[in-house]
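>
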Amino acid sequence: QVQLVESGGGLVQPGGSLRLSCSGSGSSISIYIMGWYRQAPGKQLELVATMTAIGTTNYADSVKGRFTISRDNAKNTMYLQMNDLKPEDTAVYYCKGLSGDEYWGQGIQVTVSS
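In this note's numbering, the protein residues as written are -1 to 112.
#1: I'd like to confirm the pairing. Which residues does DSSP put opposite GLY98 in its beta bridges?
#2: To which residues of the same chain is GLY105 closer than 7 angstroms at the C-beta, ignoring the five residues directly before and after it?
#3: In this structure, does DSSP put ASP87 in helix, strand or coil?
#4: Taking only the alpha-carbon atoms, compute the straight-line gap between MET80 and THR66 and give it to the nearest angstrom.
#5: Considering ILE31, what are the terminal residues of the beta strand (DSSP E) in which it resides?
#6: How long is the line joining the alpha carbons of GLU44 and LEU96, rounded to whole angstroms?
#7: Where PRO12 and GLN107 are concerned, what is the direct C-alpha to C-alpha distance, given to the nearest angstrom?
#8: Rounded to whole angstroms, what is the Cα-Cα separation between ALA72 and SER21?
#9: Suppose only complete runs of 3+ residues qualify. What are the beta strand (DSSP E) ranges in the segment 51 to 86, listed by chain order?
#10: Thinking C-alpha only, which one of VAL0, GLY53 and ARG69 is nearest SER19?
Put into structure tokens, the structure is as follows:
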């Protein structure tokens, strides 16, 4: 099984950028379908972006053209580059690994506010 830890969140102004990282330990993430999810206050958990083991990506319509998911298997780390951030992107962001079982990080806060 893999343990996942997110980092890189924080407070950013509208229009700014952040890069989230999801570091894996205990197992290689290269075999996993990896994904980013988010939950805003009072809202349900929603998919942000996913990437398969062979690199196929999928994005929520709300982030297409602004967010980019990537992975560095040598570093056992997945990333989410977030550009042109909007207040509605404010949420707790979670990374997930899927290979039969699901594994989740603890979540990290992203706040977009002036």
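A virtual CB, placed ideally from N, CA and C, is assigned to each residue, including glycine.
With the given structure in hand:
#1: Partner(s): none; GLY98 has no beta bridge.
#2: Around GLY105: GLU4, VAL90, TYR91 and TYR92.
#3: Assignment of ASP87 by DSSP, reduced to helix, strand and coil, places it in the helix class.
#4: Straight through space, the alpha carbons of THR66 and MET80 are spaced by roughly 7 angstroms.
#5: Run containing ILE31: 31 to 37, per the beta strand (DSSP E) assignment.
#6: So the two alpha carbons sit approximately 16 angstroms from each other.
#7: Our two residues, PRO12 and GLN107, have alpha carbons roughly 15 angstroms apart in a direct line.
#8: In this structure, the straight-line span from the alpha carbon of ALA72 to that of SER21 is close to 11 angstroms.
#9: As far as the segment 51 to 86 is concerned, its whole beta strand (DSSP E) runs of at least 3 residues are 55 to 57, 65 to 70 and 75 to 80.
#10: Checking every option, the nearest Cα to that of SER19 belongs to ARG69.
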